[in-house]
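Trainee: Protein sequence lines correspond, in order, to chains R and B. FYI, in my numbering the residues of the first sequence are 711 to 927. FYI, in my numbering the residues of the second sequence are 45 to 227. Quick reminder that beta carbons are idealized off the backbone N, C-alpha and C, glycines included. Would you mind keeping the following structure in view while I ask a few things?
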Amino acid sequence: MSDLHNIALTPNQTILLNTVILILIATALYRAERKLDGSDPWMMLCILAIFAIAGRILLDPLPNIQPVTVVVLLAGIYYGAPRAFALAGIVALATNFLVLGHGPWTLFQVVGWGSIGVAGALLSDRLLIDGKLNLNRLAVFAAVSGFVFNWIVSLSILMKTDPSMLIPYVLSGLTFDMYHAAGNILFVAWMAEPLGEMMLRHQTSPNHKAVSEVVTN
Amino acid sequence: MSDKLKPASILILVALVLLAPSIQDALSKAAAKFVNDSESSHQGLPLEWNDNQVICVVFPSDYTHSEYNQGMTMINDDGLVISVNEDYNGTGACVGGFDGYTEGMDFMMDATRTTGGRLAVGYEVGEWGPYVHTIGGLNANLFTGEFNAAYWNLDHNGEMSMVGIGDLVMSEGDVLVWSITIY
């Protein structure tokens, strides 16, 4: 009997298939989150990791368009730098190891995304105001983050070539940087608000400050 | 304000998709960097090929290649065009980025194959080994007339090779250049 699963897809068909799968995963995760009791930032980080890993793998056919940057940025805003950095590391390692190829560049990707998460944490007061995201500012920041991430990852070529190649390399990759930036703006426009609402529900403390005194009767 | 962000984000992406080929073209030209050292055998070749083995085919000005006729087209070892050096002395193509070849004939055949037939090599095996008569569709006999003859000349690292391609021993970073010589 012939192999019934041996179907060759065109690149456009692959992109459409993967986008549909990603939307299904995102919808299922969104509904699953609704059923969670109470506030659990770690469960929320797991949900974000699953979505970011699936998104990066499934959207790989698109040039540099993936949701990881915006997800890590939001994690920094809502949950602080360490958790955002950890999320960046898990997503980079898992996606590279499973599908996209793991090597020394993975470290640069971890640092790149981690830095964006840290920056999101540092600027959270300007991006999240009274529990509501300033989407326009977030879009600009996400666009800039696309370029910054790619330039950090570009530094990995210095392991094999000399610094004189860096600027030509960055120049020739600028189109892909623009795709990354445009993709980030798209994800902010369509994804940041629902994601932000979910993350707000699982924030244990809005300002992350420890209680300094124990009140007794 | 954020209501406008959704349609704006789609417009930005669509505009980028439409403009990307022209942007990439302009950026590739700006990014191209070539060796500028007249004493180096890699003169005019991409900087990133500095330690790699390269083969170039230069076509005569009145018999340019059908495709590689604007400057010197630089093709990587995976067959992709990485840049065009329009200041190169001649037109044609260079295929580079290779390592580890020790035999000239093997290197030439493997390298030219990456161009998908555009630099196909025609040769005859004679008493002295393989004799190359055609590269990229140009047969040197085309220039042979009553009072002159022509052949595909091989330069090895900037100097005329003392041996044929079949006997050529290659080292890392070697550059081979084929060009038509008429005598």
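1) Starting from the beta carbon of Leu91(B), find every residue of chain R whose beta carbon is closer than 8 angstroms, and list them in chain order.
2) In the region 55-72 of chain B, which residues sit with their C-beta less than 8 angstroms from some C-beta in chain R, listed in chain order?
3) So, is Asn183(B) buried or exposed, given that buried needs 16 or more other C-beta atoms within 10 angstroms?
4) For the 8 angstroms Cβ check, are there 3 or more pairs between the region 712-727 of chain R and the region 766-775 of chain R?
5) Could you tell me the alpha carbon to alpha carbon distance between Ala137(B) and Val165(B), rounded to whole angstroms?
6) Does DSSP put Val786(R) in a helix, a strand or coil?
7) Should the region 824-836 of chain R be regarded as contacting the region 783-802 of chain R, the criterion being three or more beta carbon pairs within less than 8 angstroms?
8) Do Trp93(B) and Gly148(B) have their C-beta atoms within less than 8 angstroms of each other?
9) What are the residues of the region 834-864 of chain R that lie near chain B, defined by any Cβ-Cβ distance shorter than 7 angstroms?
10) Report yes or no: do the region 832-846 of chain R and the region 60-74 of chain B share at least 3 C-beta pairs separated by less than 8 angstroms?
11) For the structure I just gave you, are there three or more beta carbon pairs, one from the region 169-178 of chain B and one from the region 197-213 of chain B, closer than 8 angstroms?
12) For Asn917(R), does the three-state DSSP call read helix, strand or coil?
13) Taking buried to mean at least 16 other C-beta atoms within 10 Å of its own C-beta, is Gly202(B) buried or exposed?
14) Are the beta-carbon atoms belonging to Ile835(R) and Asn860(R) less than 8 angstroms from one another?
15) Would you give the residue range spanned by the beta strand (DSSP E) that Ser197(B) belongs to?
16) Quick one, which of Ile767(R), Asn716(R), Ser749(R) and Pro721(R) has its alpha-carbon nearest Ile735(R)'s?
17) Hey, is Glu923(R)'s beta-carbon within less than 8 angstroms of any beta-carbon in chain B?
18) Taking a Cβ distance cut-off of 7 angstroms, strictly less, list which residues of the region 177-211 of chain B are near chain R, in chain order.
19) For a quick check, are the C-beta atoms of Val219(B) and Val101(B) less than 8 angstroms apart?
20) If we define contact as Cβ-Cβ less than 8 angstroms, is Ser53(B) a contact residue for chain C?
21) Quick test of your reading: Val108(B) and Val139(B), contact by CB under 8 angstroms. State the CB separation rounded to the nearest angstrom.
22) Bridge partners for Lys842(R) per DSSP, in chain order?
23) Could you check where the alpha helix (DSSP H) with Asn133(B) kicks off and where it finishes?
24) Is the region 111-129 of chain B touching the region 193-200 of chain B in the sense that three or more CB pairs, one from each, lie closer than 8 angstroms?
25) I need the straight-line Cα distance from Gly906(R) to Val782(R), nearest angstrom please.
26) Among the candidates Phe857(R), Ser749(R), Asn844(R) and Ser882(R), whose CA atom is the shortest distance from the CA of Ala899(R)?
27) By DSSP, does Val101(B) sit in helix, in strand, or in coil?
28) Taking only the alpha-carbon atoms, compute the straight-line gap between Val863(R) and Ala802(R) and give it to the nearest angstrom.
29) According to DSSP, is Val79(B) part of a helix, a strand, or is it coil?
30) Name the chain R residues whose beta carbon is nearer than 8 angstroms to that of Val49(B)?
31) Within 8 angstroms (strictly less), CB to CB, does Glu216(B) reach chain R?
32) Determine whether the beta carbon atoms of Gly765(R) and Leu810(R) lie at a separation below 8 angstroms.
33) Are the C-beta of Tyr788(R) and some C-beta of chain B separated by less than 8 angstroms?
34) Determine, using beta carbons only, whether Ala798(R) comes closer than 8 angstroms to chain B.
Mentor: Let's see:
1) Ser874, Met875 and Pro878
2) Ile56, Leu57, Leu60, Ala64, Ile67, Gln68, Leu71 and Ser72
3) exposed
4) The region 712-727 of chain R vs the region 766-775 of chain R: in contact.
5) 13 angstroms
6) Checking the displayed sequence, the identity of residue 786(R) turns out to be Gly instead of Val. In the structure shown, the three-state DSSP call for Gly786(R) is helix.
7) yes
8) no
9) Leu845, Asn846 and Ala849
10) no
11) yes
12) Because Asn917(R) sits at a pLDDT of 46, beneath the cut-off of 50, its placement in the model cannot be relied upon, and the point is left open.
13) exposed
14) Sequence inspection shows Asp at residue 835(R); the Ile mentioned does not correspond to that position. Not in contact: Asp835(R) and Asn860(R) (Cβ atoms no closer than 8 angstroms).
15) The question names Ser, yet the displayed sequence has Asn at residue 197(B). Asn197(B) -> beta strand (DSSP E) spans Ala194 to His200.
16) Ile767(R)
17) Reliability fails at Glu923(R), whose pLDDT of 49 lies under 50, so the model's placement of it is uncertain and the value that follows must be treated cautiously. Taking Cβ atoms only, chain B never reaches closer than 8 angstroms to Glu923(R), which makes this a no.
18) none
19) The answer is no: Cβ separation not under 8 angstroms.
20) The chain labelled as chain C is not found among the protein chains of the depicted structure, namely R and B.
21) Before going on, a small fix: residue 108(B) reads as Thr here, not Val. Not quite, the Cβ-Cβ distance comes to about 17 angstroms (not below 8 angstroms), so this is no contact.
22) Ile839(R)
23) Segment: none, Asn133(B) is in no alpha helix (DSSP H) and carries neither H nor E.
24) no
25) 12 angstroms
26) Per the Cα distances, Asn844(R).
27) strand
28) Approximately 12 angstroms between the Cα atoms of the pair.
29) coil
30) Sequence inspection shows Leu at residue 49(B); the Val mentioned does not correspond to that position. Within chain R, the residues near Leu49(B) are Leu845, Asn846, Ala849, Ile895, Val898 and Ala899.
31) no
32) Inclusion of Gly765(R) and Leu810(R) in the CB contact set at 8 angstroms is not warranted, their separation being larger than that value.
33) no
34) Not an interface residue.
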